[in-house]
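Residue numbers (the working numbering): 788 to 932. Down below is the structure, laid out as structure tokens.
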């Protein structure tokens with residue numbers, strides 16, 4: 788059973804499973820994060836959904852490139868959590884199954900190509916204080932020890 792983080796599912800909604808991959812990216816005692824700028828801006832671990840026919844590692848590399856413009860190396864899976872949420876961009880009630888990795892950012896080669904995303908470099912305390920969801924925060928806290 789994958790641990791649920793956040794609000795319980797609403798009994799009046801049908802949720803579609805949405806597997807995704809997200810990365811903790813340590814960079815010289817700081818962390819690369821993404822700022823998603825929408826109606827309510829959110830600091831998140833870079834990552835996103837796994838597309839049909841795509842492996843989790845392929846998705847991780849693609850999503851990190853789209854959201855922050857960085858190449859990564861040596862990804863290692865730390866675990867997973869699930870959360871139930873409404874995804875406004877997709878008009879979808881989703882059971883997000885979030886697989887968390889740690890990886891080494893090797894170099895920035897582009898600006899974020901994902902609309903409304905910006906790259907942030909935060910200290911551990913800044914990241915823990917601003918991450919938008921409890922699951923991301925839990926895995927970063929575990930990584931930090």
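Glycine included, each C-beta is placed from N, C-alpha and C at the ideal position.
- The region 886-902 makes no contact with the region 911-921; the number of CB pairs closer than 8 Å stays below 3.
- Listed in chain order, the beta strand (DSSP E) runs fully inside the region 800-841 are 803-814, 817-823, 829-831 and 834-836, counting runs of at least 3 residues.
- In this structure, DSSP gives residue 884 an extended state, which the three-state scheme calls strand.
- In this structure, DSSP gives residue 843 a helical state, which the three-state scheme calls helix.
- In terms of CA proximity to residue 802, 878 leads the group 852, 892 and 878.
- Counting along the chain, no alpha helix (DSSP H) covers residue 866; the unbroken beta strand (DSSP E) around it starts and ends at 857-874.
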